[in-house]
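In the working numbering, each residue's number is its place in the sequence shown (first place is 1) plus 957.
See structure below.
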Amino acid sequence: MTIAAPVKVDSTGPNTDGYRSFRLGEFKFRRDEYFVYVEWPTGKHVMSADSFLKALQRDVAWQFFYGIVNFDGVVGTVNHYGTVDLFAGRYNDVYRKAELDHLENFSTPMIKATFDEMLDDWTNAGFDPFASPTETGSAFGIKHGDNRAAITRHRVTASRMVSVPGDEPLRNDENGHPVNRHFLDVAQDEPEKHPEPGFDGEISSFNLYAYLSRSQVTWNPSVVSVCGDSLYCPTTEEYILPIIHGNDRVEWFIQLSDELIWQVEDRDSGAALAKVTMRSGDVAAMPADIRHQGYAPKRAMLLVWENADPALPALISSGQLPSVPVEI
Ligand SMILES: [Fe+2]
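Encoded structure:
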C-alpha cells in the first residue's frame, strides 16, 4: 500500500514543558521533563523520555525493521511492509487477558511522518539517541534546542558491498570518523588485493573491523553487503539495545568481538525463555517466534545476518516453514 506524502501530523494536544503533543488515531503521546506518556482508549503508560527516544530513533531509522519493535513490554510497532501496527499491550499476556490492549494500523508514511516530528521535537540539543550513554548528553529537562544532525543520520545500505564501485561513498563516510575509544587496538590496514590480469576493476575488499571501529552509533545495523536476499548487517553495540526486537524470520548472529548477553522471551506473551551469552566467535540463530534484547558491557561488534525474502513472514506464520533454521 502506498500513500502519497506529505502527511499531515496531528499535534493539537496540550503543550507541556515546551514539548508538542501528538496523536495517531486514538493514541496520544505527550512528554515533559522526564517522561513520555502514552494513552489509548483502554489504558495509559509512562516511559522514561531517554528510553523512549532511543527506541523511537531506531524505529524511525530502521523504517520499522523486520517484525516487531517493542519500545518496552507494552508499546511498540509491527511492520507489515507498507503499513505499520501501533500497539499497546498486544504482546503482553497480562494486558491481553485483562482486555486492555489496543492496536491500530497506519500507512507507513503516516506513522513515519508523526514519529519523525515527535523525535525531532522531543530531542534536545546535546542529546544523541543513537550514541552510547557515555558519549552523549542528557535527554531530560524542559525543551531546549534540537539535534537534527544526529537524528537524521542515514543507515548505510550498500547496493552490492561497501568498497565496490558505486558503494565507495558509504565507505568514505565511515572512514571520516575517529576510531572509538573501545576499539583503539583494532588494526586499520586494508586487505591486499592480487587480481588476475584483466580483473583489476572487479575485485574489491575492505577491512570490516576497521570500518566498524569507526562507527559513531550503537545498535544500528547497516547493510554492508547484499547477495540476493542475503544481507550482512554488522553493528556495534554498547549498553542496552533500546528496543526488544520481535522476529518475523530467523536471524543469525555472529559475535565478531567482545561480549553480548541476550535476554530471549516468547515473542507474543513476553514469557522469559533463555539468556544467551555470546563471546567473540560465537554464532547463534535466533528463532522466528522469539523477541530479544541485548546487553553489551563494552562496545562490541556483531554481525547480524538477515534473509530479506518478503515471503518469509507468511510462510512461517502459516506453518509452511519452521520457526527455527534447523530441527534437531
Ligand atoms: Fe531480532
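Positions of the beta carbon are idealized from the N, C-alpha and C atoms, including for glycine.
Since the structure is predicted, the reported quantities are computational estimates derived from the model, not experimental observations.
query = For ligand 2, any of its heavy atoms closer than 8 Å to the Cβ of residue 1024?
reply = Ligands present in the displayed structure are limited to ligand 1, and ligand 2 is not among them.
ask   = For residue 1190, does the count of other Cβ atoms within 10 angstroms reach 16, so buried, or fall short, so exposed?
value = By the 10 Å Cβ count, residue 1190 comes out buried.
key: For residue 1305, the nearest candidate out of 1113, 1078, 1050, 1001 (CA to CA)   = An answer regarding residue 1305 cannot be provided, because it is not within the stretch 958 to 1285 covered by the chain.
key: Burial state of residue 1178, where buried means 16 or more other Cβ atoms lie within 10 Å   = Its Cβ being crowded by 16 or more others within 10 Å, residue 1178 is buried.
Inter-residue spacing [alpha-carbon to alpha-carbon] between residue 1056 and residue 1002 = 15 Å
key: Pair within 9 Å by beta-carbon distance, residue 1175 and residue 1253   = yes
query = What are the uninterrupted segments assigned as alpha helix (DSSP H) that are 4 or more residues long and contained completely in the stretch 1081 to 1166, given in chain order?
reply = Every unbroken stretch of the alpha helix (DSSP H) spanning 4 or more residues and falling wholly within the stretch 1081 to 1166 is given here in chain order: 1105 to 1108, 1125 to 1132.
task = Please classify residue 1285: does DSSP put it in a helix, a strand, or coil?
result = coil
message = Classify residue 1145: buried if its beta carbon has 16 or more other beta carbons within 10 angstroms, exposed otherwise.
response = exposed
task = Using three-state DSSP, classify residue 1021 as helix, strand or coil.
result = coil
ask   = Does ligand 1 have even one heavy atom less than 8 Å from the beta-carbon of residue 1177?
value = no
query = Which residues share a DSSP beta bridge with residue 1036?
reply = 1041
Best match in 1226, 1274, 1242, 1202 for proximity to residue 1054 [C-alpha to C-alpha] = Among 1226, 1274, 1242, 1202, the Cα nearest to that of residue 1054 is on 1226.
task = Flag this pair as touching only if the stretch 1207 to 1224 and the stretch 1236 to 1248 have three or more C-beta atom pairs under 8 Å; answer yes or no.
result = yes
ask   = Among 1089, 1103, 1184, which one has its Cα closest to the Cα of residue 1082?
value = 1103
key: Environment of ligand 1 in chain order, Cβ to heavy atom below 6 Å   = Residues with a Cβ closer than 6 Å to any heavy atom of ligand 1, in chain order: 1202, 1204, 1208, 1243, 1249.
query = What are the residues that DSSP puts in a beta bridge with residue 1232?
reply = 1220
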